[in-house]
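Chains as they are written, first to last, in numbering that gives the first Met the number 0: chain B, 0 to 143; chain Y, 0 to 274; chain X, 0 to 356.
Positions of the beta carbon are idealized from the N, C-alpha and C atoms, including for glycine.
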Amino acid sequence: MTRAGELIVVACAAVIPLAAHHAFGGEFDPYRPVLLKGKVVRVEWVNPHTWIHVEVVKPDGSKEEWMVEGGSPNSLLRRGVTRDSLPVGTEVVVDGYQARDHTLLRANGRNVTLTDGRKLFLGSSGPGEGPPPDAAPLDKAKTP
Amino acid sequence: MTGKAITLLAAAMLPVAAQSYRAPRADGGHPDLNGIWQSLSEANYDIEAHNAKAAMAVRPGPYGPVPAGAVLALGAVGSVPPGMGVVEGGDLPYRPEALAQRKKNQENWLTSDPEIKCYLPGVPRATYMPYPLRIFQNGTQIFIAYEYAGAVRNIYLKDPGPAPVDSWMGQSVGRWEGETLVVDVTGLTDQTWFDRAGNFHSDAMKVTERYTRTSPDVISYEATIDDPKTFTRTWKMSMPLYRRQEKNAQLMDFKCAEFVEELLYGAWRKNPLSR
Amino acid sequence: MSHGWTRIHTDILALAIAAPMWAQAPLSQTKPYAPPRMADGHPDLQGTYDLATLTPLERASGAKAVLTKEEAARLEAMAALVRARGDQAISGERQAPPKGGDGSTGPAGGVGGYNTGWLDPGSAYTIVDGQKRSSLIVDPPDGRVPPYTPEARKRLAALAARPTSDAQESNDPGLETAPGAYDDPERRPLGERCLLGFGSTSGPPALPDYFYNNLHQIVQTHDSVMILTEMVHDARVVRMNAAHLPGKIRMWMGDSVGHWEGDSLVVDTTNFTDKTRFRGSTENLHVIERFTRVGPNALLYRFTVEDPATWDRPWTGEFTWPATNSHIYEYACHEANYALGDILRGARLREKEAQQK
């Protein structure tokens with residue numbers, strides 16, 4: 000994408016209104032960035048946030064289990080995601096920031112991707128992530 | 000065989016339903032389950048038959064168990080009333096290792112019973128919590144709202160397929176068998192209990208509920224539990240649900256999540272209260 | 000970076016939205032439509048609806064009420080662009096994000112939140128009477144919430160220790176600066192405590208959430224209308240042709256009573272708790288909603304909000320509720336609310352470490 004295109008995208012993001020939501024900045028510490036590479040050992044498909052447990056092997060060979068915070072699973076479920084969509088053992092790369100309670104190995108999933116950089120969950124239906132058969136979108140613009 | 004004997008024999012073989020109450024029809028032509036209902040059982044304390052007890056959390060006393068320190072101040076308010084039980088056939092058919100788990104649940108009741116944290120009660124416990132529930136029914140939809148913790152269940156009348164993930168209140172699919180609404184509940188997490196006595200289940204549990212109007216103000220409720228990981232066979236519970244007849248009966252706010260904030264988060268206040 | 004971004008932001012918006020013109024938007028005239036009816040003869044309002052929309056509650060100051068087809072198309076394309084951008088792959092060999100925050104603003108709090116693939120914020124502006132609306136609010140005519148009364152201003156200043164905004168602290172991005180913002184769970188927003196949905200998902204008034212989970216379900220019986228809000232599994236029961244509860248009984252979503260005016264369901268809600276505080280209002284908040292089926296797949300939802308102790312006049316908004324075939328899933332919230340505990344513990348740790356410095 001051209002630089003101008005990128006700037007347009009950044010500006011566009013400001014056009015989309017965001018209600019005062021859960022404030023990530025209170026939960027995670029901007030001064031503790033993390034990069035995690037490891038495999039998924041457990042997924043908690045829960046609200047208000049999905050938690051993806053990632054086992055990271057440290058340079059000294061010891062293992063750490065991190066919890067990575069995602070969004071609400073409900074929108075994903077409507078797009079056909081199920082408990083089988085993120086199998087245990089999937090290698091992932093996570094960048095984000097550690098919880099302000101840094102005694103915990105928890106971080107926000109600022110970007111959660113496969114090792115090749117593909118995002119785990121796409122907004123539009125990606126391959127293999129089709130919506131449930133009866134989720135045909137009705138014409139939202141229709142008024143008589 | 001004489002004619003009289005044949006008549007008597009035939010009468011004895013008649014299914015109960017043929018002689019029973021016929022409820023008014025709701026929109027859609029099925030028995031009308033609309034209304035506010037509530038169980039009068041003591042099942043939420045313990046679904047098995049049980050005697051009254053000093054408390055749900057006890058410790059050894061010089062002459063038998065006494066209330067644990069954490070609940071002592073509640074006095075009789077914290078005691079457990081007796082109940083004849085709602086489990087058909089008597090005791091629950093636990094597998095041996097599951098029975099051991101139940102004992103652990105009982106010993107750790109205060110920290111383990113999800114009701115203490117105001118977690119959603121699951122099915123079937125939501126039905127017999129001692130608070131009202133409301134059934135909304137017409138020709139195309141059935142929905143149940145529970146006063147406790149604002150729990151809700153939509154009853155699908157068309158099977159949407161397997162639940163994509165587990166949930167506290169499960170995925171309910173309903174169908175009519177004559178006068179009975181049969182609801183199959185799947186996709187339940189393993190985190191709910193049946194009662195305050197540590198009775199529990201696994202995430203393999205499937206529940207089949209049956210709702211039948213048996214009189215103007217009573218629904219006969221049955222729940223069959225199918226959980227081979229926990230029990231050696233399926234088993235069934237049953238109880239009447241009584242219509243709340245007060246003119247001003249309704250579901251009120253019981254959002255207890257607010258009430259447990261001191262319990263769950265009080266230690267992390269800037270100025271914690273003494274514990 | 001932020002400086003240049005702000006400049007470009009203004010330029011792009013100027014291109015996308017025609018020169019601001021104050022215009023009066025007439026209150027909607029519902030076109031006659033013969034709805035299917037329940038057995039009792041009243042319109043069938045039932046269904047599952049997705050309230051997601053790009054239309055904000057309030058209009059930008061001086062903006063028009065109605066977007067032209069071209070303006071709307073451009074803005075909707077921009078939203079789709081952001082969406083597509085968010086789906087793009089990045090480097091698998093990337094580094095950790097910058098120390099000190101990644102510059103993200105608003106709720107992202109300098110830590111970037113999470114990937115846009117989790118979101119379902121709506122892709123179009125709401126259409127009412129064939130018009131693409133730039134705000135939900137249609138009255139006052141400027142499409143903005145009326146000013147607070149002086150009494151409300153005083154009250155809210157005193158409540159400043161119980162913030163719902165996320166103002167950023169300059170030396171620690173993402174932290175709320177209002178005093179005591181993290182002292183107790185009661186200081187946190189209701190959505191963060193899992194007591195009600197963020198924003199005003201159930202309300203009333205039921206408003207769109209600009210992140211996700213905008214599904215609502217309506218079930219009608221002879222004596223009630225039940226409105227289920229997905230987030231946070233709130234079932235609001237509208238008692239038809241009933242009197243309000245005694246003043247002593249207060250509910251988080253208030254007490255709703257309904258009646259039919261022609262083919263519109265009119266719902267009157269009072270008896271709010273003093274903790275609901277929709278946009279800073281008191282327990283005397285009064286909301287009137289109108290639900291009208293305007294097509295086989297859409298309801299028109301109109302709401303009027305008043306609280307003389309908060310706003311100097313009532314205000315009204317409206318938007319379309321499009322039907323969806325998607326399912327509502329359980330939003331259990333409190334049961335796995337790791338975040339609230341983490342936020343409080345994090346604040347205590349930060350205080351402890353500040354003391355030790």
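Counted within 10 angstroms of its Cβ, other Cβ atoms place Glu229 of chain X as buried (16 or more) or exposed: Result: buried.
Endpoints, the beta strand (DSSP E) within which Lys235 of chain Y is located: Bounds of the beta strand (DSSP E) holding Lys235 of chain Y are 234-242.
Buried or exposed by the 16-neighbour rule on C-beta atoms within 10 Å, applied to Phe258 of chain Y: Counting C-beta atoms within 10 angstroms of its own C-beta, Phe258 of chain Y has fewer than 16 neighbours from the protein chains shown and is therefore classed as exposed.
Run of the alpha helix (DSSP H) containing Glu75 of chain X, from where it starts to where it stops: For Glu75 of chain X, the uninterrupted alpha helix (DSSP H) segment begins and ends at 68-86.
Endpoints, alpha helix (DSSP H) assigned at Pro86 of chain B: Premise fails: Pro86 of chain B is in no alpha helix (DSSP H) and is neither H nor E.
Cutoff 8 Å: Leu76 of chain B Cβ touching any chain Y Cβ: Chain Y, which has a Cβ nearer than 8 Å to the Cβ of Leu76 of chain B, makes this yes.
Inter-residue Cα distance where the pair is Arg77 of chain B and Tyr211 of chain X: A straight-line Cα-Cα distance of about 11 Å links Arg77 of chain B and Tyr211 of chain X.
Proximal chain X residues relative to Gly115 of chain B, where beta-carbon distance stays under 8 Å: Strictly speaking, residue 115 of chain B in this sequence is Asp, with Gly absent from that position. Residues of chain X with a Cβ closer than 8 Å to the Cβ of Asp115 of chain B are, in chain order, Ala88, Gly91.
Residue span of the beta strand (DSSP E) that contains Ile287 of chain X, given as start and end: Run containing Ile287 of chain X: 285-294, per the beta strand (DSSP E) assignment.
C-alpha distance - Trp259 of chain X paired with Val265 of chain X, whole-angstrom precision: Spanning the alpha carbons of Trp259 of chain X and Val265 of chain X requires a straight line of approximately 6 Å.
C-beta neighbour in chain X for Ser123 of chain B, strict 8 Å: Chain X contact via Cβ: present.
Separation of Leu53 of chain X from Asp254 of chain X, as counted between CA atoms: One C-alpha to the other measures close to 29 Å.
Closer than 8 Å to chain X by CB, Glu260 of chain Y: Glu260 of chain Y counts as touching chain X.
Integer Cβ distance of Trp310 of chain X from Asp138 of chain X, believed to fall under 8 Å: That pair is no contact at about 12 Å.
Contact check, Asn50 of chain Y vs Arg195 of chain Y, beta carbons under 8 Å: No.
Chain-order list of residues whose beta-carbon lies under 7 Å from that of His8 of chain X (same chain, five-residue window excluded): In this prediction, His8 of chain X scores a pLDDT of 36, lower than 50, which makes its location untrustworthy; no coordinate-derived value is stated.
Residues in the region 150-166 of chain Y having any Cβ partner in chain B nearer than 7 Å: Only those residues of the region 150-166 of chain Y whose C-beta falls short of 7 Å from the nearest C-beta of chain B are listed: Pro163, Val164.
Met168 of chain Y: contacting residues in chain X (beta-carbon distance under 9 Å): The contacting residues are His232, Glu329, Ala331.
C-beta atoms of Asn107 of chain B and Val81 of chain X nearer than 8 Å: Cβ atoms of Asn107 of chain B and Val81 of chain X: not closer than 8 Å.
Within 8 Å, strictly: CB atoms of Ser166 of chain Y and Ala234 of chain X: Taking 8 Å as the Cβ cut-off, Ser166 of chain Y and Ala234 of chain X do not qualify as a contacting pair.
Any non-hydrogen atom of the ligand GTP within 7 Å of Pro58 of chain B CB: This structure simply doesn't include the ligand GTP, nor any ligand for that matter.
Burial state of Leu109 of chain Y (16 or more Cβ within 10 Å): By the 10 Å Cβ count, Leu109 of chain Y comes out exposed.
Contacting residues, own chain, Cβ-Cβ under 6 Å from Val172 of chain Y (five flanking each side not counted): Closer than 6 Å at Cβ, skipping near neighbours: Tyr155, Asp158, Asp183.
Within 8 Å, strictly: CB atoms of Ala322 of chain X and Gly46 of chain X: It is a contact, given that the beta carbons lie within the stated cut-off.
Helix, strand or coil at Gln216 of chain X according to DSSP, with G and I counted as helix: Three-state DSSP puts Gln216 of chain X in a strand.
Neighbour list for Arg344 of chain X in chain Y, Cβ cutoff strictly below 8 Å: Result: Trp267.
Integer-rounded CB distance, given that Ile342 of chain X should sit under 8 Å from Glu68 of chain B: A Cβ-Cβ separation of about 12 Å leaves Glu68 of chain B out of contact with Ile342 of chain X under the 8 Å criterion.
Sequence-distant residues of the same chain with beta carbon closer than 6 Å to Leu189 of chain X, five excluded per side: Short of 6 Å from the beta carbon of Leu189 of chain X, and not among the five residues preceding or following it, lie these beta carbons of its own chain, in chain order: Leu195.
Chain-ordered chain B contacts of Gln94 of chain X [CB-CB under 8 Å]: Per Cβ cutoff of 8 Å: Leu34, Asp94.
N- and C-terminal bounds of the beta strand (DSSP E) containing Tyr220 of chain Y: Its beta strand (DSSP E) spans residues 217-225.
Host beta strand (DSSP E) of Asn107 of chain B (start-end): Taken as a continuous stretch (DSSP letters only), the beta strand (DSSP E) holding Asn107 of chain B covers 105-107.
Beta strand (DSSP E) segment containing Tyr193 of chain B, residue limits: With chain B covering only 0 through 143, there is no way to say anything about residue 193 of chain B.
Partner residues on chain Y for Leu50 of chain X, Cβ-Cβ distance less than 7 Å: Neighbours of Leu50 of chain X on chain Y: none; closest Cβ ~18 Å, over 7 Å.
Same chain, Cβ closer than 7 Å to Met66 of chain B, five either side skipped, listed in chain order: When the five nearest sequence neighbours on each side are left out, the beta carbons in the same chain lying within less than 7 Å of the beta carbon of Met66 of chain B are those of Trp50, His52, Leu104, Arg105, in order along the chain.
Minimum C-alpha distance to Phe318 of chain X - residue among X:Leu174, X:Lys131, X:Asp306: Nearest of X:Leu174, X:Lys131, X:Asp306 to Phe318 of chain X, Cα basis: X:Lys131.
Among B:Gly88, B:Asp94, B:His21, nearest to Ile89 of chain X - alpha-carbon criterion: Nearest option by C-alpha distance: B:Asp94.
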